[in-house]
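Written below as structure tokens is the structure these notes are about.
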Amino acid sequence: MELVHVTAGYPGKTVFQDLCLQLPDAGAVALMGPSGFGKTTLLRLIGGLLRPESGEITGIQGKKISFLFQEDRLLPWATAEKNVALVSDEDKARYWLSRMEIENAAQYPAQMSGGMQRRVALARAMAFGGDILILDEPFKGLDEALRERIAGRIRDVFPLTILSVHDKAEAELMGAAIIQLDQ
Amino acid sequence: MKIFAIKPLRCLIVALFWLGIWYLAAYRINLPLILPGPVDTVKALIRLAQTLDFWKSTGYTLVRVIVGFSVAVILGAALGALCHFFALAEIFLSPLRTIIKATPVTSFIMLVLLWVAKGQVPAFISFLMVLPIVWTGMQGALSATDRNLLEMGAAYRFSFWKKLRWIYWPSVRPHFMASSMTGLGFAWKSGIAAEVIALPAFGVGSNLYNTKIYLEREELFAWTLTVILLSMALEMLLKKAVGRVRGGKA
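The listed protein sequences derive, respectively, from chains A and B. To convert a position in the first sequence, counted from 1, into my numbering, add 1. To convert a position in the second sequence, counted from 1, into my numbering, add 110.
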């Protein structure tokens, strides 16, 4: 997968100018860097949610990409189980919710803690399946013990996982090679 | 004031309070031609309810209002969606909405009287008054749909129907409900105003007009009370109907 001379951003704000970056086709890659350096923008570009103004991204055509957003983006009017089942089926939803240690899947997001909501969002991304898993700050709101358990269950499930993290330990939990975004 | 925490009791107390004010005002004025009291009004209503003409007039008005309102809600929702999703539709159709909103209802009534049979005028007027309300409400609600959820739906390849059922409808429902409720009030008011001017053979508005001619103030109040009760009943039915087709917990 390669980003070739990509310029991208949002109206009135260019985030990347002529960016060139090569990523492996398999394994796990973690993007690290201070806030505001464009980790989320880069993930959105790779995920096809943001189109580059110029340049191109190769190696993602025809691939099914599962995306965990920085915000949980759960449907407030659907139960945890329904939120996950909407992108897969009920069996897969139940499986991944139990893997994410969600005991009461009949709860609505507002009835859950921030950490639980994060795990439901993770369950949804896992249940969707595909070729590439993109995780934007996947462990946000999870305590250390839970991070370790969850990371063990989501790593190596997809052929390629690309994630953004704030600290090195999270990348190590996922066995990911680190790409430092600092220039 | 614990007593006000119980809703039915609160409603009863408030209703009795205002009935009391009405009664006292009528008693003080002591001129039924100017202000009939609640007792005289109820007596007049009972008297009217014993005639076939009352039920036929109420039935016709009810049908006209429901037809005008229903068509306006369906078309208003469709136009709101059309203008939200297609910029060109908004460019071409928004002047029409502005004109309908700005034109006085009486101008419409006079104009529509030339186009359709007078029995159909009230339904048409109700339709015209409700249309821009629902249209604007629907368009505004669609614009306010959470962009993050829509992007989530796109990322997880939601079909059009799944998006409609699980993202748009639950987001739009409260706004749609509010604009429909507002519209329902307008449908009654404008429909009956149209009946007063068009004077169809049967209709609450035609009877209201007659009460003016024959100075029957008790009947005027009785017909008005009928409209208020029907409007409240229809509003309750609408709330229940929308509640039944709601999306999930929303």
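Each residue gets a CB set at the ideal place from its N, CA and C atoms; glycine is no exception. These numbers come from a predicted model, not from an experiment.
- Counting along the chain, residue 11 of chain A sits inside the beta strand (DSSP E) bounded by residues 3-11.
- By the rule that beta-carbons nearer than 8 Å mark a contact, residue 266 of chain B touches chain A.
- Where residue 204 of chain B is concerned, the enclosing alpha helix (DSSP H) starts and stops at 197-212.
- For residue 287 of chain B, not one C-beta of chain A is nearer than 8 Å to its own C-beta.
- Closer than 8 Å to the CB of residue 271 of chain B there is not a single CB belonging to chain A.
- CA-CA distance, residue 176 of chain B to residue 342 of chain B, rounds to 13 Å.
- Residue 92 of chain A carries a helical assignment under DSSP once its states are collapsed to helix, strand and coil.
- Assignment of residue 133 of chain A by DSSP, reduced to helix, strand and coil, places it in the strand class.
- For residue 261 of chain B, at least one C-beta of chain A is nearer than 8 Å to its own C-beta.
- Between the beta-carbon of residue 9 of chain A and that of residue 51 of chain A there is about 6 Å, and that keeps the pair under the 8 Å contact cut.
- Pairwise C-beta distances place the segment 121-134 of chain B out of contact with the segment 305-314 of chain B, as fewer than three of them are shorter than 8 Å.
- Exposure of residue 137 of chain B is indicated by the presence of fewer than 16 other C-beta atoms within 10 angstroms of its C-beta.
- Using a CB distance below 7 Å, the part of the segment 87-121 of chain A facing chain B consists of 87, 88, 109, ordered along the chain.
- Taken atom to atom, the span from the alpha-carbon of residue 99 of chain A to that of residue 233 of chain B is near 56 Å.
- Boundaries for residue 19 of chain A: no alpha helix (DSSP H) harbours it, while the beta strand (DSSP E) harbouring it runs 14-23, taken from the DSSP string.
- Contact between residue 183 of chain B and residue 240 of chain B holds, with the beta-carbon distance rounding to 7 Å and staying under 8 Å.
- Rounded to whole angstroms, residue 189 of chain B and residue 70 of chain A show a C-alpha spacing of 33 Å.
- With fewer than 16 other CB atoms across the displayed protein chains lying within 10 angstroms of its CB, residue 163 of chain B is exposed.
- Counted as a single uninterrupted DSSP element, the alpha helix (DSSP H) harbouring residue 305 of chain B occupies residues 279-308.
- Under the DSSP definition of a beta bridge, residue 57 of chain A partners with A:5.
- For the segment 60-79 of chain A, the residues whose beta carbon sits under 7 Å from a beta carbon of chain B are, in order, 68, 70, 72, 74, 76, 78, 79.
- Between residue 34 of chain A and residue 161 of chain A, the CB-CB gap reaches or exceeds 8 Å.
- In this model, residue 295 of chain B and residue 313 of chain B are separated by some 17 Å (Cα to Cα).
- Taking one beta carbon from each stretch, the segment 81-92 of chain A and the segment 111-127 of chain A have 3 or more pairs nearer than 8 Å; the two touch.
- The DSSP-derived three-state label of residue 80 of chain A is coil.
- It is roughly 20 Å from the alpha-carbon of residue 261 of chain B to the alpha-carbon of residue 132 of chain A.
- Residue pairing by DSSP puts residue 33 of chain A in a beta bridge opposite A:166, A:181.
- In the displayed model, residue 67 of chain A falls within a strand according to three-state DSSP.
- Judged by DSSP secondary structure, residue 317 of chain B falls within the alpha helix (DSSP H) whose first and last residues are 314-323.
- Annotated as proximal: residue 235 of chain B and residue 218 of chain B, with beta-carbon spacing under 8 Å.
- Residue-level contact by beta carbon holds for residue 280 of chain B and chain A, with a gap shorter than 8 Å.
- A distance of 8 Å or more separates the beta carbons of residue 174 of chain A and residue 276 of chain B.
- Residues of chain B whose Cβ lies closer than 9 Å to the Cβ of residue 48 of chain A are, in chain order, 265.
- Residue 115 of chain A and residue 142 of chain A do touch by the CB rule: their CB atoms are close to 4 Å apart, below 8 Å.
- Separation of the CB atoms of residue 44 of chain A and residue 20 of chain A is rounded to 13 Å, and the pair is thereby denied contact status at 8 Å.
- In this structure, the alpha-carbon of residue 90 of chain A lies about 11 Å from that of residue 97 of chain A.
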